[in-house]
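Residue numbers (full-length UniProt numbering), protein chains in the order written: chain A, 1 to 231; chain B, 1 to 231.
Virtual Cβ for every residue (Gly too), placed ideally from N, Cα, C.
Before any comments, here is the structure.
2 protein chains.
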Amino acid sequence: MKKNTQCDNQSCFLCRSCVKEWLPAVAANKKNFVAKKGQVIFSEGDPVTGIYFVYEGNVKVHKKWGADKELIIRFANKGAIFGHRILGKQASNYPISATALEESLICYVDMEFFDATLKVNPGFTYDLMLFFAEELKEAERKMRNLAHMPVKGRVAQALISLKEQFGTNEEGHVNIELTRQDLASYAGATYETVFRVVNEMIQETTIIANGKKISITNTDKLFALTQDTNL
Amino acid sequence: MKKNTQCDNQSCFLCRSCVKEWLPAVAANKKNFVAKKGQVIFSEGDPVTGIYFVYEGNVKVHKKWGADKELIIRFANKGAIFGHRILGKQASNYPISATALEESLICYVDMEFFDATLKVNPGFTYDLMLFFAEELKEAERKMRNLAHMPVKGRVAQALISLKEQFGTNEEGHVNIELTRQDLASYAGATYETVFRVVNEMIQETTIIANGKKISITNTDKLFALTQDTNL
DNA sequence: CGGCTTCTTGACTGGGATCAAGACCTGTGG
DNA sequence: CCACAGGTCTTGATCCCAGTCAAGAAGCCG
Chain A
1 MKKNTQCDNQ SCFLCRSCVK EWLPAVAANK KNFVAKKGQV IFSEGDPVTG IYFVYEGNVK
61 VHKKWGADKE LIIRFANKGA IFGHRILGKQ ASNYPISATA LEESLICYVD MEFFDATLKV
121 NPGFTYDLML FFAEELKEAE RKMRNLAHMP VKGRVAQALI SLKEQFGTNE EGHVNIELTR
181 QDLASYAGAT YETVFRVVNE MIQETTIIAN GKKISITNTD KLFALTQDTN L
Chain B
1 MKKNTQCDNQ SCFLCRSCVK EWLPAVAANK KNFVAKKGQV IFSEGDPVTG IYFVYEGNVK
61 VHKKWGADKE LIIRFANKGA IFGHRILGKQ ASNYPISATA LEESLICYVD MEFFDATLKV
121 NPGFTYDLML FFAEELKEAE RKMRNLAHMP VKGRVAQALI SLKEQFGTNE EGHVNIELTR
181 QDLASYAGAT YETVFRVVNE MIQETTIIAN GKKISITNTD KLFALTQDTN L
């Protein structure tokens with residue numbers, strides 16, 4: 001993986017909404033770097049200095065509770081923005097952590113320049129606003145699910161989301177390798193419970209799993225688990 | 001409560017960020033109406049036609065699960081925007097419901113005009129973006145709490161949030177009258193559980209409650225309940 | 001006063017977290 | 001090539017928080 005690879009507009013949230021005249025300034029101000037697998041890019045409570053974009057790879061955005069519990073909020077893959085929760089009032093520290101799940105090429109832009117970009121590019125601000133609206137809608141759905149949906153449904157939902165975001169490779173596997181621990185943290189459950197639930201799903205031939213690889217063989221059945229049967 | 005009362009810029013999310021020249025257009029295009037206590041302003045699945053602002057009163061934004069379960073996402077009081085989750089891709093139906101908790105003066109703007117407003121007022125778009133970023137941060141915290149924090153902490157957190165948003169009146173009560181059912185839905189728990197938890201808090205003299213009125217007498221103790229003791 | 005809804009409390013239940021222990025990998029050095 | 005140590009995986013047993021159910025009390029109209 002090369003350092004300082006240029007973003008192409010298609011695969012960068014920042015670049016694809018910028019006005020053309022501003023792109024040279026972006027190129028001059030961004031700093032690209034490679035994050036190794038497992039590398040913590042920033043951690044909850046760290047002072048905010050800037051904002052990040054994923055050019056290549058995969059990053060988990062998570063929030064801790066206790067020494068050994070966390071909830072994975074979302075995954076940021078190619079083209080995605082993260083660390084954006086720094087926007088808004090009194091945002092001097094990151095409220096979440098970000099960790100690379102695989103070797104990733106990250107683009108970093110410091111806060112001051114990012115703010116200038118927003119002012120120069122109303123279209124970019126608009127796109128960012130739309131992105132936030134989408135995120136918010138999704139977050140609210142997940143809140144409701146965490147409050148009311150049983151674990152099995154949440155795991156099903158997690159798998160569906162992963163398939164939607166990462167697609168499937170030629171072997172039919174969902175195109176991400178995720179430890180059971182991370183799947184558990186994403187679904188908001190424990191390692192053991194997720195293990196059992198995944199086993200059930202294999203019994204019921206709704207999914208096939210070997211190790212970290214998972215294929216969904218019965219989307220309808222999986223989807224049914226995420227539905228509210230009482231309505 | 002008078003219909004068609006004019007917004008003053010201070011108490012309206014829409015007006016306070018608009019460029020002056022555009023305000024007459026806003027005044028001409030908005031439609032004010034009074035929502036009665038308990039009135040459903042829109043419901044999940046309803047087709048989207050526009051966006052709403054609270055000029056006076058209080059509105060709960062909630063999401064259903066099953067016939068008799070819901071999660072209250074947030075409360076919108078004076079100056080707040082709601083129904084904004086319509087922004088973003090393929091947003092043809094409201095993903096949430098909105099219900100007036102008391103008689104409220106609501107300002108309605110149809111989608112088309114709202115979109116024009118965004119295009120004309122980059123500052124407004126920027127403010128909306130910041131608002132969404134704040135909301136998102138809060139939503140992510142609540143997700144983590146729903147996944148990992150015990151009910152007592154969630155109720156404590158709910159009370160703290162209510163106090164922050166609504167303040168206290170001259171009697172020291174948190175300035176909102178909320179049924180136990182709504183408090184439960186806001187904390188993501190059941191009526192009975194919340195009842196018991198609230199009783200415990202009264203025993204421990206951290207709060208005083210009579211009926212729907214609640215006073216917080218020991219903020220520190222309440223706050224401690226929301227903290228992660230394992231860290 | 002009688003028929004509501006809302007409140008209050010106790011008893012029960014179960015989903016899922018926690019604990020524990022053995023199996024199975026995987027790398028490392030002798 | 002094997003032994004051993006440190007993980008991760010797998011499974012069973014147990015526990016407990018909070019949801020559910022039920023039923024009486026208390027407030028609240030018409």
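- Residue environment for residue 210/A: exposed (fewer than 16 other C-beta atoms within 10 angstroms of its C-beta).
- For residue 120/B, the three-state secondary structure derived from DSSP is helix.
- In this structure, the beta-carbon distance from residue 11/B to residue 78/B falls below 7 Å.
- Within the DSSP secondary-structure output, residue 109/B pairs in a beta bridge with 51/B.
- For residue 154/A, no CB of chain B lies under 7 Å from its own CB, so it is not counted at the interface with that chain.
- Look at residue 65/B: its C-beta is under 7 Å from a C-beta on chain A.
- Proximity of chain A to residue 125/B at the Cβ level (cut-off 8 Å) is accounted for by 122, 125, 126 and 129, in chain order.
- Buried is the label assigned to residue 82/B, since at least 16 other Cβ atoms lie within 10 Å of its Cβ.
- By alpha-carbon distance to residue 181/A, the top candidate from 103/A, 132/A, 158/A and 134/A is 158/A.
- Ranked by Cα distance from residue 42/B, the options 67/B, 99/B and 71/B are led by 99/B.
- In the three-state DSSP reduction, residue 102/A falls in the coil class, being neither helix nor strand.
- Within chain A, the residues 65 and 66 have their CB atoms less than 7 Å from the CB of residue 228/B, given in chain order.
- By the beta-carbon neighbour count (other beta carbons within 10 angstroms, threshold 16), residue 45/A is exposed.
- Ranking 84/B, 146/B, 66/B and 154/B by CA distance to the CA of residue 50/B puts 84/B first.
- Taking CB atoms only, residue 132/A has a neighbour in chain B less than 7 Å away.
- Of the other Cβ atoms in all chains shown, 16 or more fall within 10 Å of the Cβ of residue 206/A; this residue is therefore buried.
- Look at residue 200/A here: in three-state DSSP terms it is helix.
- A straight line joining the alpha-carbon of residue 168/B with that of residue 177/B spans about 11 Å.
- Put simply, the CB of residue 95/A is near chain B, with a gap under 7 Å to one of its CB atoms.
- Note that the C-beta distance between residue 108/B and residue 31/B is below 7 Å.
- The shortest C-alpha to C-alpha distance from residue 38/A to any of 47/A, 62/A, 18/A and 21/A is the one to 62/A.
- A residue is called buried once 16 or more other Cβ atoms fall within 10 Å of its Cβ, and residue 204/B, having fewer, is exposed.
- Beta-bridge analysis with DSSP links residue 97/A to 62/A.
- By the Cβ rule, the stretch 112-131 of chain A counts as touching the stretch 125-144 of chain B, because three or more pairs are nearer than 8 Å.
- DSSP places residue 212/A in the coil class of the three-state scheme, outside both helix and strand.
- Across the structure, residue 194/A and residue 69/B are spaced so that their CA atoms are roughly 25 Å apart.
- With a threshold of 7 Å between beta carbons, residue 196/A makes no contact with chain B.
- Taken through DSSP and simplified to helix, strand or coil, residue 142/B comes out as helix.
- At a cut-off of 7 Å between beta-carbon atoms, residue 143/B makes contact with chain A.
- Between the alpha carbons of residue 113/B and residue 130/A lies a gap of roughly 17 Å.
- When the five nearest sequence neighbours on each side are left out, the beta carbons in the same chain lying within less than 7 Å of the beta carbon of residue 217/B are those of 205, 206, 207 and 208, in order along the chain.
- Burial of residue 174/B is indicated by the presence of at least 16 other C-beta atoms within 10 angstroms of its C-beta.
- Under the Cβ criterion of 7 Å, residue 148/A is counted among the residues facing chain B.
- Taking 8 Å as the cut-off between beta carbons, none of the residues of the stretch 16-45 of chain A comes near chain B.
- For residue 137/A, the closest Cβ of chain B is nearer than 7 Å.
- If you check the CB distance, residue 76/A and residue 48/A do not come in under 7 Å.
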